[in-house]
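Peer 1: So the sequence shown is numbered by our numbering: it starts at 15 and just counts up by one. We put the CB at the ideal spot given by N, CA and C, even for glycine.
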Amino acid sequence: MMQRLADVIKMLKAMKKIRNNPAAMHYFSQLKNLGQAMEKLYLVDSCRACSNAVVPVQRTARELEQVASTLDFGTELKAKLPGRPLFHHVFKISVSGCPNSCSQPQIKDFGLQGRARVVESPGACTWCAACVDACPDGAVDLSKEGPVLDEEKCLLCGRCARACPSEALVVKERGYTVLLGGKLGRHPRLARRFLTLAGEAECCQALDAVMEFYLRHGDGEQRLGSLLEEHWRDFQELWAEVSK
Ligand code: SF4
Ligand code: SF4
Ligand code: SF4
15 MMQRLADVIK MLKAMKKIRN NPAAMHYFSQ LKNLGQAMEK LYLVDSCRAC
65 SNAVVPVQRT ARELEQVAST LDFGTELKAK LPGRPLFHHV FKISVSGCPN
115 SCSQPQIKDF GLQGRARVVE SPGACTWCAA CVDACPDGAV DLSKEGPVLD
165 EEKCLLCGRC ARACPSEALV VKERGYTVLL GGKLGRHPRL ARRFLTLAGE
215 AECCQALDAV MEFYLRHGDG EQRLGSLLEE HWRDFQELWA EVSK
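1) Going by CA-CA distance only, name the one from 218, 89, 96, 255 that's closest to residue 107.
2) Taking C-beta to C-beta, are residue 225 and residue 82 nearer than 9 angstroms?
3) Which of the three DSSP states, helix, strand or coil, is assigned to residue 242?
4) Bridge partners of residue 127, per DSSP?
5) In angstroms with no decimal places, state the Cα-to-Cα distance between residue 50 and residue 56.
6) List the DSSP bridge partners of residue 12.
7) Residues with a Cβ closer than 6 angstroms to any heavy atom of ligand 2, in chain order?
8) The alpha helix (DSSP H) spanning residue 87 covers which residue range?
9) Quick one: measure Cβ to Cβ for residue 242 and residue 199, integer angstroms, because I've assumed they're closer than 8 angstroms.
10) Under three-state DSSP, which class holds residue 134?
11) Would residue 159 and residue 136 qualify as a contact pair, given that the criterion is a beta-carbon distance under 9 angstroms?
12) Does ligand 3 have even one heavy atom less than 8 angstroms from the beta-carbon of residue 180?
13) Does the distance from the CB of residue 14 to the CB of residue 184 come in under 9 angstroms?
14) Which residue's Cα is closest to the Cα of residue 157: 111, 103, 113, 146?
15) How would you write the range of the beta strand (DSSP E) that residue 212 sits in, first residue to last?
16) Would you report the Cα separation of residue 152 and residue 122, rounded to the nearest angstrom?
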């Protein structure tokens with residue numbers, strides 16, 4: 015009896031740990047979308063609603079889904095494949111609300127990371143140091159004039175501005191870093207950065223261009239990352255054309 019009680023307590027503690035871990039929660043929420051993904055041959059996922067998000071993650075994910083669904087991607091990709099589609103053929107799209115990247119956009123074909131550019135507002139600082147404590151990257155320095163952000167260290171997460179009680183640090187701009195061509199598998203690679211602080215409409219345009227490019231130039235087996243490595247200049251030319 016005591017052993018069973020101890021097991022139950024252990025299980026409850028483990029469940030609590032998972033609930034408090036955004037990356038683990040994201041993994042479990044993704045599982046339920048896999049059936050549909052094998053039909054459509056693309057998968058749009060995102061991190062959960064979270065107070066760290068600096069962009070409207072769920073809305074952007076819905077917009078991306080809309081873009082992908084109008085392309086008839088699954089039918090065209092299936093026509094290129096010699097046999098039954100497998101999970102590695104699924105084109106993976108992911109949106110994260112902040113640089114913590116809980117939905118792992120760095121290893122997806124198309125990934126977005128929310129970013130917020132913070133600026134100093136002269137004369138408003140009360141030197142409470144909340145911003146210094148809030149920054150996980152040691153990017154805030156307090157000078158006699160007020161806060162100074164180190165651009166080299168800053169990941170544009172917006173935490174310091176959220177922590178500031180006197181608007182001496184404010185978010186000037188929000189958007190997404192667009193990442194392309196990440197993957198795992200036998201030859202894993204991190205995605206390359208394509209756009210910085212892109213708006214939602216620009217992200218949708220980029221997804222449309224990337225998926226069209228993939229269908230036009232890929233054989234379905236080759237992952238986007240390798241395809242872009244071979245044809246990066248062609249893709250940039252296409253992007254220059256469509257984003258005019
Ligand atoms: S990526 Fe950021 S916003 Fe999304 S769940 Fe993780 S911490 Fe929260
Ligand atoms: S935006 Fe984030 S990383 Fe940059 S200084 Fe503020 S808390 Fe630090
Ligand atoms: S949190 Fe705001 S008021 Fe406090 S030290 Fe930082 S910038 Fe100044």
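Peer 2: On the basis of the supplied data:
1) On the sequence shown, residue 107 is found 93 positions in, with the first residue counted as 1. Just measuring C-alpha positions, the residue of 218, 89, 96, 255 sitting nearest residue 107 is 218.
2) Here the question's residue 225 lines up with position 211 in the sequence shown. Here the question's residue 82 lines up with position 68 in the sequence shown. Going by C-beta atoms, residue 225 is nearer than 9 angstroms to residue 82.
3) If you number the sequence shown from 1, residue 242 lands on position 228. Reduced to three states, the DSSP call for residue 242 is helix.
4) What you label residue 127 is simply residue 113 of the sequence shown in a count that begins at 1. 110, 191.
5) By 1-based counting over the sequence shown, the position of residue 50 is 36. By 1-based counting over the sequence shown, the position of residue 56 is 42. Take the alpha-carbon of residue 50 and the one of residue 56: they are about 9 angstroms apart.
6) What the structure shows of the chain is the stretch from 15 to 258, and residue 12 is not part of that stretch, so it cannot be assessed.
7) Cβ atoms closer than 6 angstroms to ligand 2 belong to 132, 148, 149, 151, 153, 154, 163, 168, 169, 170, 171, 172, 173, 174.
8) Counted from its first residue, the sequence shown places residue 87 at position 73. First-last of the alpha helix (DSSP H) with residue 87: 87 to 94.
9) Indexing the sequence shown from 1 puts residue 242 at position 228. Indexing the sequence shown from 1 puts residue 199 at position 185. Contact between residue 242 and residue 199 fails: their C-beta atoms lie close to 16 angstroms from each other, not under 8 angstroms.
10) By one-based count along the sequence shown, residue 134 stands at place 120. The answer is strand: DSSP assigns residue 134 an E or B state.
11) As a working mapping, residue 159 is identified with position 145 in the sequence shown. As a working mapping, residue 136 is identified with position 122 in the sequence shown. Going by C-beta atoms, residue 159 is nearer than 9 angstroms to residue 136.
12) Taking the sequence shown and counting its residues from 1, the one referred to as residue 180 is at position 166. Correct: residue 180 has its Cβ closer than 8 angstroms to ligand 3.
13) Residue 14 is absent from the model: the chain starts at 15 and stops at 258.
14) The residue you call residue 157 lines up with position 143 of the sequence shown. Comparing Cα-Cα distances from residue 157 to each of 111, 103, 113, 146, the minimum goes to 146.
15) Within the sequence shown, residue 212 is the residue found at index 198, counting from 1. In the DSSP assignment, residue 212 falls within the unbroken beta strand (DSSP E) covering 206 to 212.
16) Counting from one through the sequence shown, the residue named residue 152 turns up at place 138. Counting from one through the sequence shown, the residue named residue 122 turns up at place 108. C-alpha separation (whole angstroms): 28 angstroms.
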